[in-house]
Ligand SMILES: [Zn+2]
Ligand SMILES: [Zn+2]
């Protein structure tokens, strides 16, 4: 399982391998050292049961979508179809535009889920069983505030 911990001070994303289960990680952005606690389930990629950063046990699932990739495909498609459009090949132009949109859909559909910690926004990627449910705004509000008070942001 691959974990991206978020620094409570500067919000930098820090990749950590759960299999190696380091006891702490130093932030590359601001130098803050965060203690980490990996459960056995995390280490063996079985399940996300406790957050190694904030010890929270509430998580949600979202699509692991990289908007930059999607945008690049659409822009390249638009550029190529623009050339055909210029030469009055409307049909080809529209097909290419449609093709780019289709590729986008396929890429989006094939992406896996990422599990995210409600409190500290750590991300978990791996083959583990998905036990978290979808994002709930109310839960997020309550837990984020609790966490931010704890780390002294509010
Ligand atoms: Zn930092
Ligand atoms: Zn957390």
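In our numbering, the protein residues as written are 4 to 157. Ideal placement from N, C-alpha and C gives every residue a C-beta, glycine not left out. Remember, it's a predicted structure, so these values are computed and weren't measured experimentally.
When the options are compared against residue i, the one with the closest alpha-carbon
i	options	result
residue 42	31, 34, 25 and 29	25
residue 116	155, 139 and 128	128
residue 55	147, 7 and 155	7
residue 136	11, 118, 31 and 108	118
residue 130	34, 28 and 46	46
residue 52	4, 38, 28 and 96	4
residue 80	149, 147 and 97	97
Residue i CB to nearest heavy atom of ligand 4 below 7 Å
i	result
residue 6	Absent from the structure shown: ligand 4. Ligands present: ligand 1 and ligand 2.
Continuous beta strand (DSSP E) stretch holding residue i: start and end
i	result
residue 65	62–66
residue 142	Counting along the chain, residue 142 falls outside any beta strand (DSSP E), though it belongs to the alpha helix (DSSP H) covering 140–153.
residue 116	116–120
residue 126	126–128
Limits of the alpha helix (DSSP H) - the one that residue i falls within
i	result
residue 43	43–46
Whether residue i touches residue j by CB criterion (8 Å)
i	j	result
residue 90	residue 99	no
residue 57	residue 33	no
Who's in the neighbourhood of ligand 2, going by beta-carbon under 6 Å from any heavy atom, listed in chain order? In chain order, the qualifying residues are 54, 56, 57, 59, 120, 122, 123 and 125.
Within the structure, which residues are defined as neighbours of ligand 1 by a Cβ-heavy atom distance below 6 Å, reported in chain order? Residues flagged by the Cβ proximity filter: 10, 12, 13, 15, 30, 32, 33 and 35.
Restricting to runs no shorter than 3 residues, where is the beta strand (DSSP E) found entirely within the segment 4–52? Entirely contained in the segment 4–52, the beta strand (DSSP E) runs reaching 3 residues are, in chain order, 5–9, 16–20, 27–29 and 36–38.
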